[in-house]
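Protein chains in written order, with this note's numbering: chain A, 1 to 255; chain B, 256 to 510. Beta carbons: idealized from backbone N, C-alpha and C, even for Gly. Remember, it's a predicted structure, so these values are computed and weren't measured experimentally.
Number of protein chains: 2
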Amino acid sequence: MARTVIRADRMPVKDPGVERALAKLRARDVLSPEEERVFVESIAETREIAAHRQIVRAGTTLTHSILLLDGFACRYKDLADGERQIQELHIAGDYVDLHGFLLKTLDHNVGALSDVRIALVPHDALRAITEQQPHLARLLWFSTLLDAAIQRERILSIGRRNSLARIAHLICETFLRMKVAGLAGPDRYPLPITQTDIADACGLTAVHVNRMLRRLRDDGLMTFRAGEVVIHDWDGLVHLAEFDPTYLHLDRRPR
Amino acid sequence: MARTVIRADRMPVKDPGVERALAKLRARDVLSPEEERVFVESIAETREIAAHRQIVRAGTTLTHSILLLDGFACRYKDLADGERQIQELHIAGDYVDLHGFLLKTLDHNVGALSDVRIALVPHDALRAITEQQPHLARLLWFSTLLDAAIQRERILSIGRRNSLARIAHLICETFLRMKVAGLAGPDRYPLPITQTDIADACGLTAVHVNRMLRRLRDDGLMTFRAGEVVIHDWDGLVHLAEFDPTYLHLDRRPR
DNA sequence: CGACTATTTGACGCCAGTCAACACCGGTGG
DNA sequence: CCACCGGTGTTGACTGGCGTCAAATAGTCG
């Protein structure tokens, strides 16, 4: 998949990528059939983007927001000396820049960690939702609040957890999020990213991540190999990471 | 100010705390008089809370959101060993838990760093705004997106900036935010918090913060003393911290 | 095969943490 | 008036977790 492909046709209702995005919302509140229809019809087109390419560059004026249908992406920012920090890891079903709807420009880049498939949602459609579908609008708002909660937990991780717990925490969080999207097995999930990506997400170096992954493997907690995570000891991992999923707000209630 | 005081009277229109919150929104978009009125009237009551007390505890079910009218507060979380991480520093005019409106419970605590005055806004009033004032609702949504942007920048800071730049960055950011709220002088602003608080915000220890503050002072960049920050060399600070205020989205445009 | 990227491992260095002692300061009470 | 006290700030000596540098190995794609 070397270059971007544009498909101008409207989304079929049963696209599995869109289904994952709906699953994410349905896990937090009840959507009416009407709301689901509006959500699906807000999508203008889909594209495919190859791994390691930028999806959105910081600072450009935006007219669409992007829903990640397949693959892995991230929000990141670089410092002058080339140091990169991944601010959030995105899985299929995540809106990678819904906040661009109101911020108008992003203060960070969005990049594809794997080959990805995305959907473009015009800001006009989002604005119409805020004016005609207040409940659906609240759920979209909620979805940006969920990103913020995930980012807050990352602050705690990087600021106060040691390197081992930091990595374990990222693995735990991603496991639950993949489960919600219907993309995880009972004890495993695909994670086709590099150790350098994990390092950039955790504020560490790739060398140290390698050592800590080895320790997690040697201690029988988990294995990360060939783009797949296998959980050997969930309770052990949760305990090590002090992982408390409350911040993922995985409860269905009126919002 | 030893205990909480409840004032049941409705806010006067010209309360300076509310004015700061409006200034924050006006810096990003134009509000109609009608919208300003609805914003002001959404406030049910005000309270005063003493320094070092909790304002909101993680996990409790919320029926109101809290606007900080005066003083300094923070969002924070603790780990089992007692390590604390401040996830966001709040200044007067900030909504400290507007996200609680849709999350229903907070995944973190909110604490008063100084004596504070707060306003309570019922979630019912916020819901009504989403149903009757879509533009004002978008501005409230925007205000939560701004918090998220600030938190993302904190991730970059803690993950990739060294301790000196990390502290300098926090000082720069807070300076601009205080300016927007009308609370900063040309080269100084009040910051009545401890070095331990700065350490908890930056993912450092109080001892190391002390050393770095000394260095910033010795290098003629800034002074933090007796609850006040004095900027000696703004350009130098900005350069050291690689501070780029883009993420504060300080541009007035239709949202 | 050859070029390239990602992973792995070892040796060594440094930034920030830890531990400890002391200074300072406002408040409190004898 | 001063002794006391807890919270905060300051400084020095030492430690250690993670980074840096370097090199070998493994995996992948044309």
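Considering Cα atoms alone, identify which of 65(A), 149(A), 168(A) is closest to residue 250(A). Residue mapping note: residue 250(A) aligns to position 250 of the first sequence, counting from 1. Nearest of 65(A), 149(A), 168(A) to residue 250(A), Cα basis: 149(A).
At a CB-CB cut-off below 7 Å, which residues of chain A make contact with residue 400(B)? Reading the second sequence from its first residue, position 145 is the one you call residue 400(B). Here the neighbours are 99, 102, 103, 144.
Does chain B have any CB closer than 8 Å to the CB of residue 11(A)? Here the question's residue 11(A) lines up with position 11 in the first sequence. With a pLDDT of only 47 at residue 11(A), under 50, the local geometry of the prediction cannot be trusted, and the value read off the model is given with reservation. Chain B contact via Cβ: absent.
Note down the Cα distance separating residue 48(A) from residue 193(A), rounded to an integer number of angstroms. The residue labelled residue 48(A) in the question sits at position 48 within the first sequence. The residue labelled residue 193(A) in the question sits at position 193 within the first sequence. One C-alpha to the other measures close to 18 Å.
Since residue 42(A) contacts residue 158(A) with CB under 8 Å, what's their CB separation in whole angstroms? As a first step, residue 42(A) must be located in the first sequence, where it is residue number 42. As a first step, residue 158(A) must be located in the first sequence, where it is residue number 158. Rounded, the Cβ-Cβ distance is 34 Å, inconsistent with contact.
By the 10 Å Cβ neighbour count, where 16 or more other Cβ atoms means buried, how is residue 514(B) classified, buried or exposed? The displayed coordinates of chain B run from 256 to 510. Any statement about residue 514(B) would go beyond what the structure contains.
Backbone CA spacing between residue 316(B) and residue 490(B) [nearest angstrom]: Numbered from 1 along the second sequence, position 61 holds the residue referred to as residue 316(B). Numbered from 1 along the second sequence, position 235 holds the residue referred to as residue 490(B). If I take the Cα positions, the gap works out to 45 Å.
Contact set between the region 101-129 of chain A and chain B, restricted to residues whose Cβ is under 7 Å from the partner: 102, 103, 104, 107, 108
Measuring only between beta-carbons, confirm whether residue 134(A) sits less than 8 Å from chain B. Sequence index remark: in the first sequence, residue 134(A) carries index 134 (1-based). Chain B, which has a Cβ nearer than 8 Å to the Cβ of residue 134(A), makes this yes.
What's the call for residue 309(B), buried or exposed, on a 16-neighbour Cβ count within 10 Å? The residue you call residue 309(B) lines up with position 54 of the second sequence. Exposed, since its Cβ has fewer than 16 Cβ neighbours within 10 Å.
So, helix, strand or coil for residue 124(A), using DSSP? As a first step, residue 124(A) is located in the first sequence; it is residue number 124 there, counting from the start. Residue state, collapsed to three classes: helix.
Coarse secondary structure for residue 272(B), derived from DSSP in three states: The residue labelled residue 272(B) in the question sits at position 17 within the second sequence. The answer is helix: DSSP assigns residue 272(B) an H, G or I state.
Chain B partners of residue 253(A), CB-CB under 7 Å? Residue numbering aside, residue 253(A) sits at position 253 when the first sequence is read from its first letter. In chain order: 359.
Answer with buried or exposed for residue 408(B), where buried requires no fewer than 16 other C-beta atoms within 10 angstroms of its C-beta. Position 153 of the second sequence, counted from the first residue, corresponds to residue 408(B). Classification for residue 408(B): buried.
Which same chain residues, not among the five before or five after residue 345(B), have their C-beta less than 7 Å away from its C-beta? On the second sequence, residue 345(B) is found 90 positions in, with the first residue counted as 1. Counting only Cβ-Cβ distances below 7 Å, and skipping sequence neighbours, we find 323, 327, 328, 329, 351.
Can residue 101(A) be considered in contact with the ligand PLP, in the sense that its beta carbon sits closer than 7 Å to one or more heavy atoms? You won't find the ligand PLP in this model; it holds no ligand whatsoever.
Buried versus exposed, by CB contacts within 10 Å (16 or more), residue 287(B): Within the second sequence, the letter at position 32 stands for residue 287(B). Classification of residue 287(B): exposed, given that the 10 Å Cβ count is below 16.
Touching by the beta-carbon criterion (3+ pairs, under 8 Å), the region 335-343 of chain B and the region 450-469 of chain B: yes
Taking 8 Å as the CB-CB cut-off, is residue 444(B) touching chain A? Stepping through the second sequence from its first residue, residue 444(B) is reached at position 189. Chain A, which has no Cβ nearer than 8 Å to the Cβ of residue 444(B), makes this no.
When you compare only the Cα positions, how much space is there between residue 293(B) and residue 299(B)? Here the question's residue 293(B) lines up with position 38 in the second sequence. Here the question's residue 299(B) lines up with position 44 in the second sequence. Spanning the two alpha carbons is a distance of roughly 12 Å.
Give a yes or no on whether the minimum CB-CB distance between residue 249(A) and chain B is below 8 Å. Counted from its first residue, the first sequence places residue 249(A) at position 249. Chain B contact via Cβ: present.
In this structure, how does DSSP classify residue 398(B) when only helix, strand and coil are distinguished? Indexing the second sequence from 1 puts residue 398(B) at position 143. Looking at residue 398(B) - three-state DSSP - the assignment turns out to be helix.
For the region 15-33 of chain A and the region 158-176 of chain A, state whether three or more C-beta atom pairs, one from each stretch, are separated by less than 8 Å. no
Give me the Cα-Cα distance between residue 497(B) and residue 311(B), rounded to the nearest whole angstrom. In the second sequence, counting from the first residue as 1, residue 497(B) sits at position 242. In the second sequence, counting from the first residue as 1, residue 311(B) sits at position 56. Distance between the alpha carbons of residue 497(B) and residue 311(B) is about 33 Å.
Relative to the alpha-carbon of residue 98(A), which residue among 132(A), 113(A), 118(A) has its alpha-carbon at the smallest distance? Indexing the first sequence from 1 puts residue 98(A) at position 98. Answer by Cα proximity: 118(A).
Chain B within 8 Å of residue 22(A), Cβ atoms only: Mapped onto the first sequence, residue 22(A) falls at position 22. Output row for residue 22(A): interface = no.
In terms of residue numbering, what span does the alpha helix (DSSP H) encompassing residue 466(B) cover? By 1-based counting over the second sequence, the position of residue 466(B) is 211. Unbroken alpha helix (DSSP H) run through residue 466(B): 461-473.
Does any CB atom of chain B fall closer than 8 Å to the CB of residue 151(A)? Here residue 151(A) refers to the residue found at position 151 of the first sequence. It does; some Cβ of chain B falls within 8 Å.
With distances taken between CB atoms, is the gap from residue 176(A) to residue 245(A) smaller than 8 Å? What you label residue 176(A) is simply residue 176 of the first sequence in a count that begins at 1. What you label residue 245(A) is simply residue 245 of the first sequence in a count that begins at 1. A contact, by the Cβ cut-off of 8 Å.
What do you reckon, are the CB atoms on residue 166(A) and residue 30(A) nearer than 8 Å? As a working mapping, residue 166(A) is identified with position 166 in the first sequence. As a working mapping, residue 30(A) is identified with position 30 in the first sequence. No; because the gap between Cβ atoms is not below 8 Å, this pair is not in contact.
How big is the Cα-Cα spacing for residue 76(A) and residue 116(A)? Numbered from its first residue, the first sequence carries residue 76(A) at position 76. Numbered from its first residue, the first sequence carries residue 116(A) at position 116. Residue 76(A) and residue 116(A): Cα-Cα distance of roughly 16 Å.
State buried or exposed for residue 406(B), treating a residue as buried only when at least 16 other CB atoms are found within 10 Å of its CB. Sequence index remark: in the second sequence, residue 406(B) carries index 151 (1-based). Buried, by the Cβ-count rule.
Comparing C-alpha positions only, which one of 80(A), 107(A), 142(A) sits nearest to residue 27(A)? On the first sequence, residue 27(A) is found 27 positions in, with the first residue counted as 1. Ranking 80(A), 107(A), 142(A) by Cα distance to residue 27(A) puts 142(A) first.
Any C-beta of chain A under 8 Å from that of residue 428(B): The residue labelled residue 428(B) in the question sits at position 173 within the second sequence. False, the Cβ-Cβ gap to chain A never drops below 8 Å.
What is the DSSP secondary structure of residue 501(B), reduced to helix, strand or coil? Translated into the one-based positions of the second sequence, residue 501(B) becomes position 246. The answer is helix: DSSP assigns residue 501(B) an H, G or I state.
Residue 53(A) at chain B interface by Cβ criterion, 8 Å: As a first step, residue 53(A) must be located in the first sequence, where it is residue number 53. Chain B contact via Cβ: absent.
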